[in-house]
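So for the sequence shown, the working numbering puts the first residue at 914; every next one is plus one. Even glycine gets a Cβ: it sits at the ideal position worked out from N, Cα and C. Notes follow the structure.
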Amino acid sequence: MDSFYRDTWTEINLDHIAYNIRSVKKILPGNQHLIAVVKANAYGHGDAQIARVAVEEGADMLAVAFLDEAMALRGKGIMHPTLVLGAVSPLYIKEASHQRIRLTIHNVEWLEEVVQQCSDLQSPLYVHLKVDTGMGRLGIRSLKELEKIALLLRGNSNIILEGVFTHFATADELNNRKYNIQYESFKKMVNHLNTLGFCPAYIHSANSAALLRFPQDMFTAVRLGIAMYGLSPSAEIKQVLPFSLKEAFSLHSRIVHIKKVKKGDTISYGATYEAEREEWIGTVPIGYADGWIRRMQHFHVLVDGKLVPIVGRVCMDQMMIRLPQKYPLGEKVTLIGRQLTREISIDDVANHMQTINYEVPCLISYRVPRLFIQGGCVCNGKNYLLSANLS
Ligand SMILES: Cc1ncc(COP(=O)(O)O)c(C=O)c1O
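Okay, structure coming up:
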């Protein structure tokens, strides 16, 4: 979104993304391939812009959840090798091979269907084999299935096995028991794949939590998601991270209406908030349709460097805050981020929402424009808001 006309926006600090990637690369023990996970619009941060920075910082591959997300990147000029981690119907292998999009073999039946349809492909189809070592989501689970896959691949030179991977269910927990079981079972599968004559270039098990905690366990590639965005994979391991991450996402708005209310006046749907005295109430144009959900009632935002409460129910497009004094219309409101010495982090918001930090930027909807900050400057957006005071 290059032009926008509303008083609510996010700022995505691309320098922080670059810093987080560089910091991760420093702790990798070998020359592991870096796969930057940019699914779900780069966890709500903006797919193409994050992908560009990741590629500049040396990512060898991008990963998304759906073929649509990979095609969207192509549509925005991102031609870097891209892996779809989720299941894609065999009906679409032509589009994938044509666009150099790698697909995931998530079961034997899928590969059997693909084999039947791949004879007339113009370019080869690159695939990564998913092994389910304990996540219970996608992937083959036995050596027998692995042997069937090997047999199918051997007979089809149009399908190139570029990678093999698994996904950890508990790498972000301090108890390593399940992680160790999954790690050992993946190693066994990879060894068996080697004995069957396949040595794919990309062998990857690590998500952010695993690569931050067990860098010695890396195979030939890693999949970097949440840590690239500056967020800890869990509260539990935040204290044991090898370096501090820099959060890239902040969320801002402005006061568009202000009034003094009397004791007993009520605010918003259901009249759940009643003024206890004369109070200054500001209206902020963000609501649950923007992903600032109704549960945010009773939380707070920053105005003039001070924490001020959200009062009354959050509406679809607006919410109200109680101010300590009158402020001019247009006064900046920070919902996530820093003002002067105070900060509201994504983790703070996630705690209030009773969810995990991953969900918070993903929730902030397409209605909220993303401004990208690099070298202290805004690199997109053309209209009046940009000349206004962003800081
Ligand atoms: C298969 C797969 N790999 C990697 C990731 C990235 O994980 P993280 O964001 O914890 O680094 C995800 C995220 O959900 C995933 O589903």
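Less than 7 Å between the C-beta atoms of residue i and residue j, yes or no?
i     : j     : result
Y1182 : R1226 : yes
H1019 : L1051 : yes
C1228 : G1200 : yes
A1140 : S1121 : yes
I1072 : V1040 : yes
I1171 : M1233 : no
I1116 : F1127 : no
N933  : G1143 : yes
M974  : P994  : yes
W1193 : K1175 : no
N1312 : A1114 : With the chain covering only 914 through 1304, there is no way to say anything about residue 1312.
On a CA-only basis, which of the options is nearest residue i? Give me that one, please.
i     : options                       : result
W1023 : R1013, K1061 and G990         : K1061
I1259 : G1243, L1276, K1245 and L1253 : L1276
G1110 : I1094, R1090, L1074 and P1128 : L1074
S1278 : A953, A1009, H958 and D1203   : D1203
A1184 : R1167, W1193, V1169 and Q1210 : Q1210
L941  : K1151, G1177, A1119 and L1087 : A1119
D1085 : I1150, L986 and V997          : I1150
V1197 : Q1238, D1178 and E1244        : E1244
In this structure, does DSSP put residue i in helix, strand or coil?
i     : result
S885  : Nothing about residue 885 can be read from this structure; the chain reaches only from 914 to 1304.
R1226 : coil
N954  : helix
R963  : Per the sequence presented here, residue 963 reads as Ile, with Arg not at that position. I963 falls in the helix class under three-state DSSP.
M1233 : strand
Q1012 : coil
A1161 : coil
R1050 : coil
N926  : strand
A1301 : With a pLDDT of 46 at A1301, under the threshold of 50, the predicted position of this residue should be treated as unreliable, though the coordinate-derived value follows. Coil, per DSSP.
E1244 : coil
N933  : helix
G1183 : helix
What first and last residue would you give for the alpha helix (DSSP H) that runs through residue i?
i     : result
H1265 : I1259 to M1266
A1063 : L1056 to R1067
Y1092 : R1090 to T1108
Q1129 : Here Q1129 belongs to no alpha helix (DSSP H), and DSSP marks it neither H nor E.
E1075 : That residue, E1075, is in no alpha helix (DSSP H); its beta strand (DSSP E) goes I1072 to F1078.
Does chain D have any CB closer than 7 Å to the CB of residue i?
i     : result
L1236 : Within the model displayed, chain D is absent; a lone protein chain is all it includes.
On the DSSP letters alone, give me the boundaries of the beta strand (DSSP E) that residue i sits inside.
i     : result
Q945  : Careful: Q945 lies outside any beta strand (DSSP E) and carries neither H nor E.
Y1115 : Y1115 to A1119
Q1030 : Unbroken run through Q1030 is the alpha helix (DSSP H), V1021 to Q1030; no beta strand (DSSP E).
E1192 : E1192 to V1197
V1040 : L1038 to K1043
V1153 : Premise fails: V1153 is in no beta strand (DSSP E) and is neither H nor E.
- Task: Kindly provide the ranges of any beta strand (DSSP E) runs that are 3 or more residues long and lie completely inside the segment 958–1007, ordered along the chain.
- Result: 974–977 and 995–997
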